[in-house]
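Asker:
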Amino acid sequence: MLLTVAVIAAPAAFAQTPGDDEDASASEQRRNERVRGEADAPAASAEAASAPERTETATTRLDAVKDGAYALELRGPRRVRELLARHLDLARFRTQTDIAPVELGRLMAATPAEVRALLEPEGWFEARVDVQRVPAPEGGGVPTIRVEVDPGPPVLVGRLDFQLRGPWSAALDDNDPESERLARRWARLQRGWALPSGRVFTQSGWSDAKNALLIASRSRGYANARYADTLADIDVPKRRADLSVALDSGPLYRLGEVRVEGLQRTPASAALNLRPFELGSVYTEGALLDYQEALQKVGLYEGIAVELDLDAPDPANAVVIARLREAQAQNASFSVGFSSNTGPRFGVEHTHRRFFGRDLVASSKLRFGRDERTASFDLLTYPKEGGVRDLAGVSYEYLDAGGALTVTQRARIGRQRETQRIDRLVTFEYLQTRLETATRSGTDRALWGNVAWSHRDVNNLSFPTRGLIVGAQAGGGAARDADGEQGPFARLQLGATWYRPLVAGWLGQFRGEVAQVVKKETQGVPDALLFRAGGDDSVRGYGYRTLGPVRDGAVVGGPVLATASVEAMHRFTDARGSRWRDWYYAAFVDAGNAADDWNELDPALGYGVGVRWRSPIGPLRVDLAYGERVRSVRLHISVGVSFR
47 MLLTVAVIAA PAAFAQTPGD DEDASASEQR RNERVRGEAD APAASAEAAS APERTETATT
107 RLDAVKDGAY ALELRGPRRV RELLARHLDL ARFRTQTDIA PVELGRLMAA TPAEVRALLE
167 PEGWFEARVD VQRVPAPEGG GVPTIRVEVD PGPPVLVGRL DFQLRGPWSA ALDDNDPESE
227 RLARRWARLQ RGWALPSGRV FTQSGWSDAK NALLIASRSR GYANARYADT LADIDVPKRR
287 ADLSVALDSG PLYRLGEVRV EGLQRTPASA ALNLRPFELG SVYTEGALLD YQEALQKVGL
347 YEGIAVELDL DAPDPANAVV IARLREAQAQ NASFSVGFSS NTGPRFGVEH THRRFFGRDL
407 VASSKLRFGR DERTASFDLL TYPKEGGVRD LAGVSYEYLD AGGALTVTQR ARIGRQRETQ
467 RIDRLVTFEY LQTRLETATR SGTDRALWGN VAWSHRDVNN LSFPTRGLIV GAQAGGGAAR
527 DADGEQGPFA RLQLGATWYR PLVAGWLGQF RGEVAQVVKK ETQGVPDALL FRAGGDDSVR
587 GYGYRTLGPV RDGAVVGGPV LATASVEAMH RFTDARGSRW RDWYYAAFVD AGNAADDWNE
647 LDPALGYGVG VRWRSPIGPL RVDLAYGERV RSVRLHISVG VSFR
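Take 47 as the starting number for the sequence shown in the numbering used here and just add one per residue.
1. Can you tell me the Cβ-Cβ gap for ARG245 and LEU202, rounded? I've got them flagged as a contact below 8 Å.
2. Is the beta carbon of GLY638 closer than 8 Å to that of VAL5?
3. According to DSSP, which residues form a beta bridge with ASN221?
4. Could I get the ranges of all uninterrupted beta strand (DSSP E) runs contained in the stretch 443-529, with 3 residues as the minimum, in chain order?
5. Distance check for ALA262 and VAL352, CA to CA, integer angstroms please.
6. Put PHE402 into one of helix, strand or coil per three-state DSSP.
7. For TRP544, name the three-state secondary structure that DSSP assigns.
8. Rounded to the nearest angstrom, what separates GLU567 and GLU224 at their Cα positions?
9. Mark ALA94 as exposed unless 16 or more other C-beta atoms lie within 10 angstroms of its C-beta, in which case mark it buried.
10. Could you check where the beta strand (DSSP E) with ARG286 kicks off and where it finishes?
11. Could you name the residues of the same chain whose beta carbon sits closer than 6 Å to that of THR489, not counting the 5 residues immediately before and after it, in chain order?
12. In whole angstroms, what is the alpha-carbon distance linking LEU266 and GLN569?
13. Here's the rule I'm using: 16 or more other beta-carbon atoms within 10 Å means buried, otherwise exposed. How should LYS112 be labelled?
14. Should GLU128 go down as buried or exposed, given a rule of 16 or more other Cβ atoms within 10 Å for buried?
15. Would the beta-carbon of VAL382 fall within 8 Å of that of GLY302?
16. Check the DSSP bridge columns for GLY558 and list the partner residues they point to.
17. From what residue to what residue does the beta strand (DSSP E) around ILE145 run?
18. So, helix, strand or coil for SER678, using DSSP?
19. Kindly provide the ranges of any beta strand (DSSP E) runs that are 3 or more residues long and lie completely inside the stretch 333-415, ordered along the chain.
20. Ends of the beta strand (DSSP E) at ASP196?
21. Please check the pair ALA579 and ALA450, which I expect to be a contact at CB under 8 Å, by giving their CB distance rounded to whole angstroms.
22. Measuring alpha carbon to alpha carbon, tell me which of PRO200, GLN142, LEU150 ends up nearest ARG125.
23. What is the residue span of the beta strand (DSSP E) that TRP659 lies within?
24. Measuring only the C-alpha atoms, how far is ARG680 from GLY415?
25. Would VAL148 be called buried (16 or more neighbouring beta carbons within 10 Å of its own) or exposed?
26. Could you have a look at GLU418 and say whether DSSP puts it in helix, strand or coil?
27. Mapping DSSP to helix, strand and coil, what is SER684?
28. Relative to the C-alpha of ILE280, which residue among LEU289, ALA274, ARG272 is closest?
29. Buried or exposed: where does SER250 fall if 16 or more other Cβ atoms within 10 Å of its Cβ makes it buried?
30. Check whether the stretch 641-650 touches the stretch 620-630, counting contact only when three or more Cβ pairs, one atom from each stretch, lie closer than 8 Å.
31. Identify every residue that forms a DSSP beta bridge with VAL180.
32. Among the residues of its own chain, which have a CB less than 8 Å from the CB of TYR631, if the five just before and after it don't count?
33. I think SER410 touches PHE392, with their Cβ atoms under 8 Å apart; what is that distance to the nearest whole Å?
34. Sort PRO181, ASP642, PRO297 by Cα distance to ALA608 and report the nearest one.
35. Among residues of its own chain, excluding the 5 on either side of ASP135, which ones have a beta-carbon nearer than 8 Å to its beta-carbon?
36. With which residues is TRP629 paired in a DSSP beta bridge?
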């Protein structure tokens, strides 16, 4: 038997017999509770728990369809009316035009029992149901069937009894730090039980709570955990449900060898070198998910499944199976698009994943736009031990922005390592930039090294709403400017984006960036190493890289930069199933600029409103921003999350 990293939820009944098995997803709660025993908190009064449902009694009328036999009127609490409108036979047969009076009478007679059968899984076991037939009004029309329901007080969860069996239970008796850790984890799982004492008992809640406890138990070490027994003992006269679950942990699994299957062209070592866990470490679902994500990011495979062999003869050395389907050896893609930063563009990209029959990925890119044109060729090795990859590349960049024309050529070598949360890149680079303004043209050159580091701790990489992204760069080298002056320089850059839920469903995003090039005042460095502000991910309301020092009427790069942004967004609607649930409206304020030194920094202000769409490849952002300094409105369109 294999355990895959994807888990599918299965329904459960009120009581479960030994050997039954359930799956679902859940998060462990970060709270402590006593190690063993049972939670037996007194249940809240039924009257208090059911008060909201009993006081909002109202009527829902389902009019007769054309030529229909009757209309239906449902009276009761909102949840009851919604349930009956979806599932009651009288609601379904209302659309029929040829229903006989005898059949209608049978439906009415069966309605009380049908209503009680629908309400019991929702916690109401003492419902009173009254069904009446109201004659058709004089002058024509159809009769009305009136169903009035008083669900009564719901059954509440009372006593909770948690039992742990198997190797996990035996390990709790050991007097060592590992035993204490396992005891704390079992206590957290009990504390995180999703159907606590005092909560209204429902069949779906009971099933979900069992599923959540089971998958949380399986997620770390005890991958074959299952229920030995579960029971919901419902005492209707006392309006109380006492719950009992007995969990058999099964053996503790440790991650042994990794077996790679499905490869024909690429060596297995490339996949093995991406393994994020130590051999012999305790199995966790997160470790397999991290491995799967690393295999997806490397770009060599288009089909990936990472599984744990639960039938391993030795759980202490369980086999991890990576089933891979290789991506095409070569592929090319063409694109046509528009950027509010640099205007319309088209591009072509070609990737060769077995360049000259070696463990190399060659990537060629060409993009031609109105204001920006780029061409590049990069070589990247397959992952080596520890997941590191060597790289080499050359590139050409043309940018016409802010009245200045810059043309940059680069050649670089380096090494990168990407993990789930942290990316590192070390490069050594030669670059030269020709800067042209209305009255000056010159080429600056530099030979330098740079270390780039980024850390992501967010709840969702494609659409984060909680967490922090931090990026930092530090480098230095020697430069020679167009006037022949040369000398050393250093370059530092730090940026962060913080995502945080606010109040009333609002989501906040706070972004900031500071940077500086340290050099002699009279010495020039290539403009590509300096800074400008403005654009989609900088200060909205201004053109791309149009904020910075002005020379000869043109904006050029400055040695210092500071930008900040505050943004709040809210869903159009929270209604599940709505087509607008993935759409948000937003408001924002940006500020920042680049300058020759900190004393001259004069932040430009931009603010506006926008919409967001949670697309499969990241947030699509459409913003309408007003730039205070230029006194004009600008449209900004962008896709994706910046991890710089």
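A virtual CB, placed ideally from N, CA and C, is assigned to each residue, including glycine. Given the structure is predicted, the values throughout are model-derived calculations rather than measurements.
Answerer: According to the structure shown:
1. If you number the sequence shown from 1, residue 245 lands on position 199. If you number the sequence shown from 1, residue 202 lands on position 156. Right, their Cβ atoms sit about 7 Å apart.
2. The structure shown does not extend to residue 5, since the chain spans only 47 to 690, so no value can be given for it.
3. Within the sequence shown, numbered from 1, the residue matching residue 221 stands at position 175. According to DSSP, ASN221 bridges with nothing at all.
4. 450-464, 468-482, 487-504, 513-526
5. Position 306 of the sequence shown, counted from the start, is the residue given in the question as residue 352. Position 216 of the sequence shown, counted from the start, is the residue given in the question as residue 262. Their Cα atoms are separated by approximately 19 Å.
6. Translated into positions along the sequence shown, residue 402 becomes position 356. Note: PHE402 maps to helix in three-state DSSP.
7. To locate residue 544, count along the sequence shown from 1; it is residue 498. It is a strand residue.
8. Here the question's residue 567 lines up with position 521 in the sequence shown. Here the question's residue 224 lines up with position 178 in the sequence shown. Answer to the nearest angstrom: the Cα atoms are 60 Å apart.
9. On the sequence shown, position 48 is the one that residue 94 refers to. Confidence in ALA94 is poor, its pLDDT being 35 and thus under 50, which makes the residue's placement unreliable; the coordinate value appears in the next sentence. So ALA94 ends up on the exposed side.
10. The residue given as residue 286 occupies position 240 in the sequence shown. First-last of the beta strand (DSSP E) with ARG286: 286-294.
11. As a position in the sequence shown, residue 489 is number 443, starting the count at 1. So the list reads GLN478, ARG480, ALA528, once near-sequence residues are dropped.
12. Within the sequence shown, the letter at position 220 stands for residue 266. Within the sequence shown, the letter at position 523 stands for residue 569. It is worth fixing the name first, because residue 266 is Arg in this sequence and not Leu. The straight-line gap from Cα to Cα measures roughly 58 Å.
13. Residue 112 sits at position 66 when you count from the first residue of the sequence shown. Exposed is the call here.
14. For the purposes of this step, residue 128 is identified with residue 82 of the sequence shown, where counting begins at 1. Label assigned to GLU128: exposed.
15. Within the sequence shown, the letter at position 336 stands for residue 382. Within the sequence shown, the letter at position 256 stands for residue 302. No; because the gap between Cβ atoms is not below 8 Å, this pair is not in contact.
16. Here residue 558 is taken as the residue at index 512 of the sequence shown, counted from 1. According to DSSP, GLY558 bridges with ALA542, ALA610.
17. Numbered from its first residue, the sequence shown carries residue 145 at position 99. Taken as a continuous stretch (DSSP letters only), ILE145 belongs to no beta strand (DSSP E), as it is neither H nor E.
18. As a position in the sequence shown, residue 678 is number 632, starting the count at 1. Here SER678 sits in strand by DSSP.
19. 347-355, 364-372, 376-385, 389-398, 406-415
20. The residue you call residue 196 lines up with position 150 of the sequence shown. Element bounds for ASP196: 190-196.
21. One-based indexing of the sequence shown puts residue 579 at position 533. One-based indexing of the sequence shown puts residue 450 at position 404. About 14 Å separates the two Cβ atoms, so there is no contact after all.
22. Along the sequence shown, one-based indexing puts residue 125 at 79. Looking at the Cα atoms, PRO200 is the closest of the given residues.
23. Here the question's residue 659 lines up with position 613 in the sequence shown. Counting along the chain, the beta strand (DSSP E) containing TRP659 begins and ends at 650-661.
24. Within the sequence shown, the letter at position 634 stands for residue 680. Within the sequence shown, the letter at position 369 stands for residue 415. Looking at the two C-alpha atoms, the distance is approximately 19 Å.
25. By one-based count along the sequence shown, residue 148 stands at place 102. So VAL148 counts as exposed.
26. Numbered from 1 along the sequence shown, position 372 holds the residue referred to as residue 418. DSSP places GLU418 in strand when its eight states are reduced to three.
27. Within the sequence shown, residue 684 is the residue found at index 638, counting from 1. SER684: strand per DSSP, three-state reduction.
28. The residue labelled residue 280 in the question sits at position 234 within the sequence shown. Looking at the Cα atoms, LEU289 is the closest of the given residues.
29. Here residue 250 refers to the residue found at position 204 of the sequence shown. Looking at its Cβ environment, which holds fewer than 16 other Cβ atoms inside 10 Å, SER250 is exposed.
30. no
31. As a position in the sequence shown, residue 180 is number 134, starting the count at 1. Beta-bridge pairing links VAL180 to THR190.
32. One-based indexing of the sequence shown puts residue 631 at position 585. Around TYR631: MET615, HIS616, PHE618, VAL655, GLY656, VAL657, ARG658.
33. Within the sequence shown, numbered from 1, the residue matching residue 410 stands at position 364. Within the sequence shown, numbered from 1, the residue matching residue 392 stands at position 346. Not quite, the Cβ-Cβ distance comes to about 15 Å (not below 8 Å), so this is no contact.
34. Residue numbering aside, residue 608 sits at position 562 when the sequence shown is read from its first letter. Of PRO181, ASP642, PRO297, the residue nearest in Cα terms is ASP642.
35. Mapped onto the sequence shown, residue 135 falls at position 89. These residues qualify, in order along the chain: LEU153, ALA156, THR157, GLU160.
36. Start at 1 with the first residue of the sequence shown, and residue 629 comes out as number 583. Answer by DSSP bridge pairing, in chain order: TRP659.
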